[in-house]
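In our numbering, the protein residues as written are 778 to 948. Below: the structure, in structure tokens.
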């Protein structure tokens, strides 16, 4: 599975997602905004707007993440890099080649941060677990599609697929 944040590969940032939680969160259905209804006193049920398209509330995701670092200095550098990427007031893009789409997200908060092993080990890595609470406001994003002709996928001379991005509002 391959993910990147604003075109920076998450593995190079030392950022990993807890197994199963990323897809569970990203594939949630949004809640519809309340439709117009009127409850006539002399009729059963409610009269509902059946013409207007359904509009959705923003979706909140709780992404459980791991941060892996070589030492304390590396931990602080990776933490700062991730915070800088996600703290842009215009939001950030989380791209998933596995799902073939991008998500424009806005950072809300990170209520937990746990160091999973002692920080002052002579050898070995530092593992941390934290939750990123983000909001998907359904801004227009890129849909990642493999380039293909009528018979098969178009490949480079190294046998890799070529992907194109189509901008679209996704729900």
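Glycine is no exception: its CB is placed at the ideal position from the N, C-alpha and C atoms.
Between the Cα of residue 852 and those of 937, 790, 819, 908, spot the shortest distance and give me the residue it belongs to. Residue mapping note: residue 852 aligns to position 75 of the chain shown, counting from 1. Comparing Cα-Cα distances from residue 852 to each of 937, 790, 819, 908, the minimum goes to 790.
Could you pull the DSSP bridge partners for residue 800 from this structure? Here residue 800 is taken as the residue at index 23 of the chain shown, counted from 1. Its beta-bridge partners do not exist; DSSP assigns none.
When you compare only the Cα positions, how much space is there between residue 880 and residue 830? To locate residue 880, count along the chain shown from 1; it is residue 103. To locate residue 830, count along the chain shown from 1; it is residue 53. It is roughly 22 Å from the alpha-carbon of residue 880 to the alpha-carbon of residue 830.
Report the partner residues of residue 809 according to the DSSP bridge assignment. Locating residue 809 in the chain shown gives position 32, where the first residue counts as 1. Looking at the DSSP assignment, residue 809 forms a beta bridge with 833.
Assigned secondary structure, residue 912 (DSSP; H/G/I helix, E/B strand, else coil): On the chain shown, position 135 is the one that residue 912 refers to. Residue state for residue 912 is assigned as strand, using DSSP reduced to three classes.
When you compare only the Cα positions, how much space is there between residue 867 and residue 883? As a working note, residue 867 is residue 90 in the chain shown. As a working note, residue 883 is residue 106 in the chain shown. Answer to the nearest angstrom: the Cα atoms are 8 Å apart.
For residue 798, which residues from the same chain have a beta carbon less than 6 Å from its beta carbon, with the 5 sequence-adjacent residues on both sides left out? For the purposes of this step, residue 798 is identified with residue 21 of the chain shown, where counting begins at 1. Annotation for residue 798: 841 place their beta carbon closer than 6 Å to its own, counting only its chain and skipping 5 residues before and after.
Starting from residue 861, trace the alpha helix (DSSP H) in both directions and tell me its first and last residue. Counting from 1 along the chain shown, the entry for residue 861 is found at position 84. Its alpha helix (DSSP H) spans residues 849-863.
Measure the C-alpha to C-alpha separation of residue 732 and residue 875 and round it to an integer number of angstroms. This structure cannot speak to residue 732, because the chain is shown only from 778 to 948.
Cβ neighbour criterion (16 or more within 10 Å) applied to residue 878: Translated into positions along the chain shown, residue 878 becomes position 101. Residue 878 should be labelled buried.
Exposed or buried, residue 795, counting other C-beta atoms within 10 Å across all chains shown (16 or more means buried)? By one-based count along the chain shown, residue 795 stands at place 18. It is exposed - the Cβ of residue 795 has fewer than 16 other Cβ atoms within 10 Å.
Count the other CB atoms within 10 Å of the CB of residue 903; is the residue buried (16 or more) or exposed (fewer)? Here residue 903 refers to the residue found at position 126 when the chain shown is read from its first residue. Residue 903 is buried by the Cβ-count criterion.
Can you tell me whether DSSP reads residue 839 as helix, strand or coil? For the purposes of this step, residue 839 is taken as the residue at position 62 of the chain shown. In the structure shown, residue 839 adopts extended strand secondary structure according to DSSP, grouped into three states.
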